[in-house]
């Protein structure tokens, strides 16, 4: 098929779908469990990377709450997304009552309707690292629901989280399927994370009311992933932030606005929440490519006002005075230690002193420097 033929097909399909939507919104077309598309064997839009293959009906039900139901005669699963996701493939198999999104296969067994809101599907599961999130979705149903999910690596271990708690460590079978069952329902949040039989986790705690700083101990991730684990982080005034390479903070807010920045192991994250007093605690998967017990080199940059934020990762403790001596800061520059009890900074100012403080592993250190520094931890 040449580019002109492809363009004509794309425009034609777009016009047909737009016309149906327009007539439906105007009330001139009633679509309620009517067959609007029986067999669309293959439409390939090369420029957008979209392949649609349907061997079953697509049912659009206005009473379904904006869900599109990909189903055979026995399926009760409704699928939708309320975020931006690029699908390379959407396929429906009437023979197996399965829906494939990218390379992930959903075979959902439920006696009653279940609503599934897809938030993330990794486009290439086989290329994922241990500890990486592969699948993220919300499900709302009733009774006993069995999830058979395919497209995974045969015999590979995966961790299933329900509402931010690991509820199942499962090994994919020889055909790449994992299974889990849910019986207690309202609406639940599910995640599938690649792991190993010996994957281990670290517990992280940060403040639920006010500003806090913490060293990210998990595998490389994004602001959105951290956001999902912060119970009560849901307001436009709440944020998490990371210092950018330009010396300015980048923020992601509780209403999911702002910048969905990358977070790497040992980065320092700043948070602000205004919920009830107390702390949030959750587990993170360690980064398999990092030995947490070996030394590392931190390059402190004199950018903007010269502030750097570093997670102190050395297994042996130190003091603010010792850090100042190592970095040879001139008079007036300083080292700050974030106090996790008082939620304030304690400072050692070069040339002036002030109360020295002990520094232990994973403490957050702030430095104001006069020039680029190399700090071996």
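Residue numbers (the working numbering): 896 to 1272. Glycine included, C-beta positions come from ideal geometry on N, C-alpha and C. Computed from a prediction, not measured in an experiment: that's the story for all the values here.
Start and end of the beta strand (DSSP E) containing residue 1175? 1163–1180
Among the residues of its own chain, which have a CB less than 8 angstroms from the CB of residue 1018, if the five just before and after it don't count? 981, 983, 997 and 998
Residue 1257 versus residue 1200: straight-line alpha-carbon distance, rounded: 24 angstroms
Residues near residue 1001 by beta carbon distance below 6 angstroms, same chain, minus five either side: Answer for residue 1001: 994, listed in chain order.
Who does residue 1271 pair with in a DSSP beta bridge? 1192
Pairing CB atoms from the region 1174–1184 with CB atoms from the region 1250–1270, are three or more of them under 8 angstroms? Result no; under three Cβ-Cβ pairs closer than 8 angstroms.
So what does residue 1080 bridge to, in DSSP terms? Note: residue 1080 sits in no beta bridge, so no partner.
Which residue wins for smallest C-alpha separation from residue 972, given the options 1021, 1015, 1037 and 1030? 1037
Measure from the alpha carbon of residue 1146 to the alpha carbon of each residue in 1160, 1131 and 1159, then state which is nearest. 1131
Which one or two residues does DSSP pair with residue 1143 in a beta bridge? Paired residue(s): none; residue 1143 is not in a bridge.
Residue 1005: which of 992, 1107, 1012 and 1014 sits nearest, CA to CA? 992
Flag this pair as yes or no: are the beta carbons of residue 1272 and residue 1207 separated by less than 8 angstroms? yes
State the start and end residues of the unbroken alpha helix (DSSP H) segment that holds residue 1264. Boundaries for residue 1264: no alpha helix (DSSP H) harbours it, and the DSSP string shows neither H nor E there.
DSSP bridge partner residues for residue 1062 (one or two, in chain order): Partner(s): none; residue 1062 has no beta bridge.
Buried or exposed for residue 1101, going by 16 or more other Cβ atoms inside 10 Å? Counting Cβ neighbours within 10 Å, residue 1101 comes out buried, since at least 16 surround it.
Which of the three DSSP states is assigned to residue 1021 in this structure? Reduced to three states, the DSSP call for residue 1021 is helix.
Close Cβ partners of residue 1193 (< 7 angstroms) along its chain, the five nearest in sequence each way excluded: For residue 1193, the CB contacts under 7 angstroms within the same chain, skipping 5 residues up- and downstream, are 1205, 1270 and 1272 in chain order.
Between residue 1129 and residue 1169, which are expected to be in contact by the criterion C-beta below 8 angstroms, what is the C-beta distance as a whole number of angstroms? The Cβ separation is near 11 angstroms, so there is no contact.
Out of 1034, 1080 and 1087, state which residue places its alpha-carbon closest to the alpha-carbon of residue 1060. 1087
Quick one: what does DSSP say residue 1255 is sitting in, helix, strand or coil? coil
What do you reckon, are the CB atoms on residue 1265 and residue 1228 nearer than 8 angstroms? With contacts defined as CB atoms closer than 8 angstroms, residue 1265 and residue 1228 qualify as a contacting pair.
Same chain only: Cβ atoms within 8 angstroms of residue 1159, ignoring 5 sequence neighbours per side: 1111 and 1115
C-alpha distance - residue 1022 paired with residue 977, whole-angstrom precision: Computed Cα separation, rounded: 26 angstroms.
Is it buried or exposed for residue 1162, if we count other Cβ within 10 angstroms and need 16 for buried? Residue 1162 comes out buried.
Using a 10 Å radius around the Cβ and a threshold of 16 neighbouring Cβ atoms, would you call residue 1149 buried or exposed? buried
Is the beta carbon of residue 1120 less than 8 angstroms from the beta carbon of residue 1135? no
Near residue 1106, which residues of its chain fall below 8 angstroms by C-beta distance, leaving aside the five closest residues on each side in sequence? Correct list, in chain order: 1165, 1166, 1167 and 1238.
Reference residue 1015, options 1077, 1267, 1234 and 1117, closest by Cα: 1117
CB residue 1216 to CB residue 1243, shorter than 8 angstroms? In this structure, residue 1243 lies closer than 8 angstroms to residue 1216 by Cβ.
Quick one: measure Cβ to Cβ for residue 1033 and residue 1012, integer angstroms, because I've assumed they're closer than 8 angstroms. Contact between residue 1033 and residue 1012 holds: CB atoms are separated by about 4 angstroms, below the 8 angstroms threshold.
Between 1247, 1143, 1211 and 1113, which lies nearest to residue 1196 when the distance is taken from Cα to Cα? 1143
Do you know offhand how far residue 1213's Cα is from residue 1230's? 13 angstroms
If you draw a straight line from the C-alpha of residue 1085 to the C-alpha of residue 1030, how long is it? If I take the Cα positions, the gap works out to 8 angstroms.
Cα separation between residue 1090 and residue 1058? 18 angstroms
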